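J.:
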Amino acid sequence: MVKLIMGLKGSGKTKKLIELLNAAIESENGDIIFIEKDKKLTYDIPYTVRLIHGSDYGISTNQLFKGFVSGIHAGNYDITHMFIDNFLRMLDDTSNEAVSEMLAWLDEFGEKENIKFTISASADAA
1 MVKLIMGLKG
11 SGKTKKLIEL
21 LNAAIESENG
31 DIIFIEKDKK
41 LTYDIPYTVR
51 LIHGSDYGIS
61 TNQLFKGFVS
71 GIHAGNYDIT
81 HMFIDNFLRM
91 LDDTSNEAVS
101 EMLAWLDEFG
111 EKENIKFTIS
121 ASADAA
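Count the sequence shown with my numbering and you get residues 1 to 126, in order.
1. Does the separation of the CB atoms of K39 and H53 fall below 7 Å?
2. Apply the 10 Å Cβ neighbour rule to S120 and answer buried if 16 or more other Cβ atoms are within range, or exposed otherwise.
3. Examine the Cβ distances between the segment 15-25 and the segment 76-94 and report whether three or more of them are shorter than 8 Å.
4. Would you mind sorting L106 into buried or exposed? The rule is 16 or more other CB atoms within 10 Å of its CB.
5. Looking only at its chain, what residues have a beta carbon closer than 6 Å to the beta carbon of A74, apart from the 5 residues adjacent to it on each side?
6. Between E101, Y43, F109 and A104, which lies nearest to I72 when the distance is taken from Cα to Cα?
7. Rounded to whole angstroms, what's the CA-CA distance from T42 to F34? Just pull it up for me.
8. Taking Cβ to Cβ, would you say K37 is nearer than 7 Å to M90?
9. Decide if I79 is buried, meaning its Cβ has at least 16 other Cβ atoms within 10 Å, or exposed.
10. Can you give me the Cβ contacts of L93 inside the same chain, cut-off strictly under 7 Å, excluding the 5 residues immediately before and after it?
Following this line, the structure appears as structure tokens:
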């Protein structure tokens, strides 16, 4: 399952994402991963969550992002939820077609591996 939080910059997407993260910590039994592009939320994410800074790993294309998510799961089969902040900033191709394909892949991957994805993206929801 993929849950997408969209809105314009400054509309409170990250705050909502952190609220959902804290709710997931209370209700889920598996490991939780939080991926952000830059090092902005280091002190906002609880220590029980694995915080990953995407900029540290050179994620520069949509294919690398898929491999990165797959690799995280390959290293830990106990993951139940992945939160991704500023999703569109991690992709090189942000066309509607490419983003739709990426979200479909995440949904399929999540169904197969029993992982929930909650994603924030700065874009007009319309």
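Quick reminder that beta carbons are idealized off the backbone N, C-alpha and C, glycines included.
Since the structure is predicted, the reported quantities are computational estimates derived from the model, not experimental observations.
T.: The answer reads as follows:
1. Here the question's residue 39 lines up with position 39 in the sequence shown. Here the question's residue 53 lines up with position 53 in the sequence shown. Going by C-beta atoms, K39 is nearer than 7 Å to H53.
2. The residue you call residue 120 lines up with position 120 of the sequence shown. Buried, by the Cβ-count rule.
3. yes
4. Within the sequence shown, numbered from 1, the residue matching residue 106 stands at position 106. With 16 or more Cβ atoms within 10 Å of its Cβ, L106 is classed as buried.
5. Position 74 of the sequence shown, counted from the start, is the residue given in the question as residue 74. Excluding sequence neighbours, A74 sits near nothing in its chain.
6. As a position in the sequence shown, residue 72 is number 72, starting the count at 1. Answer by Cα proximity: F109.
7. As a working mapping, residue 42 is identified with position 42 in the sequence shown. As a working mapping, residue 34 is identified with position 34 in the sequence shown. Between T42 and F34, the C-alpha separation is close to 10 Å.
8. What you label residue 37 is simply residue 37 of the sequence shown in a count that begins at 1. What you label residue 90 is simply residue 90 of the sequence shown in a count that begins at 1. Yes; because the gap between Cβ atoms is below 7 Å, this pair is in contact.
9. Taking the sequence shown and counting its residues from 1, the one referred to as residue 79 is at position 79. Looking at its Cβ environment, which holds 16 or more other Cβ atoms inside 10 Å, I79 is buried.
10. The sequence position of residue 93 within the sequence shown is 93, counting from 1. The identity of residue 93 in the sequence shown is Asp, whereas the question assumes Leu. Cβ neighbours of D93 beyond the five flanking positions: N62.
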